[in-house]
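**Student:** Before we start, here is the structure in question, set down as structure tokens.
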Amino acid sequence: MEVNLTASADELLTKFHALSTAQDVADLLEVDKGVLNYHLYILDDSKRYTQFEIAKKRGGVRIISAPATALKIIQRKLSFVLTLVYNPKPCVHGFTTDRCIVTNAQVHAKRRHVLNVDLQDFFPSITFPRVRGMFMAKPYLLPPPAATVLAQISCSRQGLPQGAPTSPIVSNMVCGRFDSEMMWIAKANLCTYTRYADDITFSTNVKTFPAALAKINASGQAEVGDELNKLIESNGFAVNPAKVRLQIRNGRQDVTGLTINQFPNVKRRYVRQIRAMLHAWRTYGLEKAETEFIQHYDRKARSQLVPASRQFARVLRGKIDFIGMVRGPGDRIYVRFLRELQQLDPDLVKTPIDPLHALLKMYVELKAMADHHQRGYLLEKLLRQAFELDGIPAVDSFRRNNNGEQIDGAFKLDGWYYLVECRWRKGVSAIEELDSFRGKVDRSSAQTMGLFLSIKGWSDNVVPGLKQNPHKCIILMNGDDLEEVLEGSVRLRDLLAAKAKRFSLSAEPFYSAADYLAEADDAS
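The sequence shown begins at 10 in my numbering and counts up by one.
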């Protein structure tokens, strides 16, 4: 049996929407119908899946049902097809392209209240009739014979198997109506809703969290509100009461394992553990460090085919890479850990560590991103990391306590404090946006200026308007400037200092990186 499908994406979509019979399903997955029937109807379920247990972080065990090799190939093919078919709603962040736990957490950052709810026995509760009915209903509208075969490929006796390649995408498809209703109840209560697999989250900035969604009971524990609980149960799910948390701004807030009080971040103990692992390896050697880690920290089952010491090294690399994913490729903690690991084992980190190149790659990827809200957040993050790489003291975005206005970031350079405003619109930034930002700067101390970064530039009246204003306090930067910095043509510190100097001497709010480099060439 071939592992990969040979048909193009367009051909697969056409075949899926034309499915009618079991033979059509076999043709779609490029598998002999007799082989498909054997694995679905003849082979005993106990031989189709191998079950084993893994320990949960908070105690107990999770049952994993891993499909046999041939069935796994069939499921992987179907999973690929369904990924082409499924159109995820904006609230879905699990098992979808360009979304992850970081994007899920970012939606709820800096909120007054955050509610976390876990759905109990999520995969097993999605049974064969539910999956079959989903394929037969809108928007797929497949005939019963085809829907039945697709559901049989996806399900075992217990419902969706936790461990099957098809389970994540099928669960998202089944939750289509559920997600729509959850977005509706969130909007009705001035909240934002997201779902990452069985983890659902609501957040809001209203003063009192809506009782329809959650409340604190007499024992001081959070419990799901009646309206939300009714909606969840009407969709065939149940709440895990032990995993209901209502978190307030003054305490630590976390979503899908990341802290979100200011921005998505790994927990401090995660960073401390990596630091301890690197120290143990450097001080005692790889094998002793691995033994200490297994005894005191690691609870996961590891492959017996890989030597224990190499498992430790791979786990450590994975933990460091996770920091890079969450905090960004230019983050100083990530870069420092990666360099330490490279010194201990060059084979684990073979490529040169160039955080500036990593930021340029990130910027190029942002250009192709369709989610404009997420792109704006990542632009702020990229700029902060560029500040860090050049040794410029900077802070992340924050909200002023006195009036609640949002500031995208701030930095200090040559004795001056700068507020930062980032814009990445489809078009140029208007003068009204500059006026709004200037108000934020005016409400700051006398030693404060503003950096307005607009990737697409600004309208023609922006520069004259800033020059005519008696309170000259804003310098401008565009996407071309940022690219020159990320390509290594000019240091960010030098460019900002040159912009500030030109502004002081000639009241010009915009001095481009191209002009700076041209004058530097002439001077040399």
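Even glycine gets a Cβ: it sits at the ideal position worked out from N, Cα and C.
1) Starting from the C-beta of A160, find all residues in its chain whose C-beta is less than 7 angstroms away, skip the five residues before and the five after it, and write them out in chain order.
2) Could you check whether the region 470–478 touches the region 496–509, counting it as contact only if at least three pairs of C-beta atoms, one from each stretch, sit closer than 8 angstroms?
3) For the candidate residues I440, C482, F461, R432, whose alpha-carbon lies nearest to that of S453?
4) Assign K376 to buried or exposed, taking buried as 16 or more other Cβ atoms, counted over all protein chains shown, within 10 Å of its Cβ.
5) In this structure, how does DSSP classify Y58 when only helix, strand and coil are distinguished?
6) Go ahead and pull the three-state DSSP assignment for T268.
7) Is D41 helix, strand or coil by DSSP?
8) Quick one: give me the first and last residue of the beta strand (DSSP E) that Q256 is part of.
9) Can you tell me whether DSSP reads D263 as helix, strand or coil?
10) Expressed to the nearest angstrom, what Euclidean distance is found between the alpha-carbon atoms of L280 and L287?
11) What are the partner residues of A403, as DSSP defines its beta bridges?
12) For I135, collect the residues of the same chain with a Cβ closer than 6 angstroms to its Cβ; drop the 5 residues on either side in sequence, then sort them by chain order.
13) Could you give the DSSP three-state label for L314: helix, strand or coil?
14) What did DSSP end up calling E232 once you bin it into helix, strand or coil?
15) Is Q271 near F407, with beta carbons less than 8 angstroms apart?
16) At the level of alpha carbons, what is the spacing between Q302 and L93?
17) Nearest to L387 by alpha carbon, out of R432, D356, I362, F346?
18) Buried or exposed for A310, going by 16 or more other Cβ atoms inside 10 Å?
19) Is the separation between the beta-carbon of L443 and that of L392 shorter than 8 angstroms?
20) So T203 packs on H102, CB below 8 angstroms; how close in whole Å?
21) Can you give me the C-alpha to C-alpha distance between R85 and L365, rounded to a whole angstrom?
22) With three or more C-beta pairs closer than 8 angstroms as the rule, is the region 293–301 touching the region 342–351?
23) Run the CB neighbour count on S55, radius 10 Å, all protein chains shown included, and call it buried at 16 or more, exposed below.
24) Just how far apart, CA to CA, sit I269 and H480?
25) Please confirm whether any heavy atom of the ligand NAP lies closer than 7 angstroms to the CB of T292.
26) Considering Cα atoms alone, identify which of Q282, G266, A509, D417 is closest to D208.
27) How many angstroms separate the CA atom of Q115 from the CA atom of N198?
28) Quick one: give me the first and last residue of the alpha helix (DSSP H) that L398 is part of.
29) Out of R258, G333, Y343, which has the shortest C-alpha to C-alpha gap to S212?
30) In whole angstroms, give me the CA-to-CA distance for L314 and R120.
31) When DSSP builds the beta bridges, which residues end up paired with S438?
32) Round the Cβ separation of I178 and L49 to the nearest angstrom and send it over; I've been treating them as touching at under 8 angstroms.
33) Taking the alpha carbon of R336 as the point to measure from, which residue in P355, M371, L325 has its own alpha carbon closest?
34) Exposed or buried, S29, counting other C-beta atoms within 10 Å across all chains shown (16 or more means buried)?
35) For S312, count the other beta carbons within 10 Å of its own beta carbon; 16 or more makes it buried, fewer makes it exposed. Which is it?
36) What residue range is occupied by the uninterrupted alpha helix (DSSP H) comprising I162?
**Tutor:** If we stick to the structure as given:
1) Taking the first residue of the sequence shown as position 1, residue 160 is located at position 151. Non-local beta-carbon contacts of A160 in its own chain, meaning distances under 7 angstroms to residues more than five positions away in sequence, involve F137, V140, R141, F144 in chain order.
2) In short, these stretches do not touch, since the Cβ pair count stays below three.
3) Taking the first residue of the sequence shown as 1, we reach residue 453 at position 444. Comparing Cα-Cα distances from S453 to each of I440, C482, F461, R432, the minimum goes to C482.
4) Taking the sequence shown and counting its residues from 1, one reaches residue 376 at position 367. K376 should be labelled exposed.
5) As a working note, residue 58 is residue 49 in the sequence shown. Y58: strand per DSSP, three-state reduction.
6) Within the sequence shown, numbered from 1, the residue matching residue 268 stands at position 259. In the structure shown, T268 falls within a strand segment according to DSSP collapsed to helix, strand and coil.
7) Reading the sequence shown from its first residue, position 32 is the one you call residue 41. Note: D41 maps to coil in three-state DSSP.
8) In the sequence shown, the residue the question calls residue 256 occupies position 247. Boundaries of the beta strand (DSSP E) harbouring Q256: 254–257, taken from the DSSP string.
9) The sequence position of residue 263 within the sequence shown is 254, counting from 1. It is a strand residue.
10) Here residue 280 is taken as the residue at index 271 of the sequence shown, counted from 1. Here residue 287 is taken as the residue at index 278 of the sequence shown, counted from 1. What sits at residue 280 in the sequence shown is Val, not Leu. So the two alpha carbons sit approximately 11 angstroms from each other.
11) Locating residue 403 in the sequence shown gives position 394, counting from the first residue. F420.
12) To locate residue 135, count along the sequence shown from 1; it is residue 126. The residues are G168, L169, S180, V183.
13) In the sequence shown, counting from the first residue as 1, residue 314 sits at position 305. Only weak support is given to the placement of L314: the predicted model assigns it a pLDDT of 41, under 50, and the value that follows is read from those uncertain coordinates. Residue state, collapsed to three classes: coil.
14) For the purposes of this step, residue 232 is taken as residue 223 along the sequence shown, with counting starting at 1. In the structure shown, E232 sits in a strand (DSSP, three-state: E or B).
15) Within the sequence shown, numbered from 1, the residue matching residue 271 stands at position 262. Within the sequence shown, numbered from 1, the residue matching residue 407 stands at position 398. For the pair Q271 and F407, the CB atoms are nearer than the 8 angstroms cut-off.
16) One-based indexing of the sequence shown puts residue 302 at position 293. One-based indexing of the sequence shown puts residue 93 at position 84. The question names Gln, but residue 302 is Phe in the sequence shown. Taking the straight line from one Cα to the other gives about 41 angstroms.
17) Taking the sequence shown and counting its residues from 1, the one referred to as residue 387 is at position 378. Its Cα nearest to that of L387, the residue R432 stands out among R432, D356, I362, F346.
18) Here the question's residue 310 lines up with position 301 in the sequence shown. Because the pLDDT of A310 is 45, which lies under 50, any placement of that residue in the model is unreliable, and the question is left without a value.
19) If you number the sequence shown from 1, residue 443 lands on position 434. If you number the sequence shown from 1, residue 392 lands on position 383. Going by C-beta atoms, L443 is not nearer than 8 angstroms to L392.
20) Within the sequence shown, numbered from 1, the residue matching residue 203 stands at position 194. Within the sequence shown, numbered from 1, the residue matching residue 102 stands at position 93. About 6 angstroms separates the two Cβ atoms, so the contact holds.
21) Position 76 of the sequence shown, counted from the first residue, corresponds to residue 85. Position 356 of the sequence shown, counted from the first residue, corresponds to residue 365. Cα-Cα distance, rounded: 37 angstroms.
22) No, the region 342–351 is not in contact with the region 293–301.
23) Counting from 1 along the sequence shown, the entry for residue 55 is found at position 46. Under this definition S55 is an exposed residue.
24) Along the sequence shown, one-based indexing puts residue 269 at 260. Along the sequence shown, one-based indexing puts residue 480 at 471. For the pair I269 and H480, the Cα-to-Cα distance works out to about 36 angstroms.
25) Because no ligand of any kind appears in the structure shown, any question about the ligand NAP cannot be addressed here.
26) Here residue 208 refers to the residue found at position 199 of the sequence shown. D208 has its Cα closest to that of G266, out of Q282, G266, A509, D417.
27) Taking the first residue of the sequence shown as position 1, residue 115 is located at position 106. Taking the first residue of the sequence shown as position 1, residue 198 is located at position 189. Near 20 angstroms, if we compare the C-alpha coordinates of N198 and Q115.
28) On the sequence shown, residue 398 is found 389 positions in, with the first residue counted as 1. Taken as a continuous stretch (DSSP letters only), the alpha helix (DSSP H) holding L398 covers 381–398.
29) Here the question's residue 212 lines up with position 203 in the sequence shown. Per the Cα distances, R258.
30) Mapped onto the sequence shown, residue 314 falls at position 305. Mapped onto the sequence shown, residue 120 falls at position 111. Model confidence at L314 stands at a pLDDT of 41, short of 50, so the residue's coordinates are unreliable; what they give is reported in the following sentence. Whole-angstrom Cα-Cα distance: 46 angstroms.
31) Against the sequence shown, residue 438 aligns to sequence position 429. Note: S438 sits in a beta bridge opposite W467.
32) Position 169 of the sequence shown, counted from the first residue, corresponds to residue 178. Position 40 of the sequence shown, counted from the first residue, corresponds to residue 49. Wrong, their Cβ atoms sit about 19 angstroms apart, outside the cutoff.
33) Residue 336 sits at position 327 when you count from the first residue of the sequence shown. Nearest C-alpha to R336: M371.
34) Residue 29 sits at position 20 when you count from the first residue of the sequence shown. Exposed.
35) By one-based count along the sequence shown, residue 312 stands at place 303. Unreliable placement is indicated for S312, whose pLDDT of 45 sits below 50; the coordinate value is still reported in the next sentence. S312 is exposed by the Cβ-count criterion.
36) Within the sequence shown, the letter at position 153 stands for residue 162. Run containing I162: 153–163, per the alpha helix (DSSP H) assignment.
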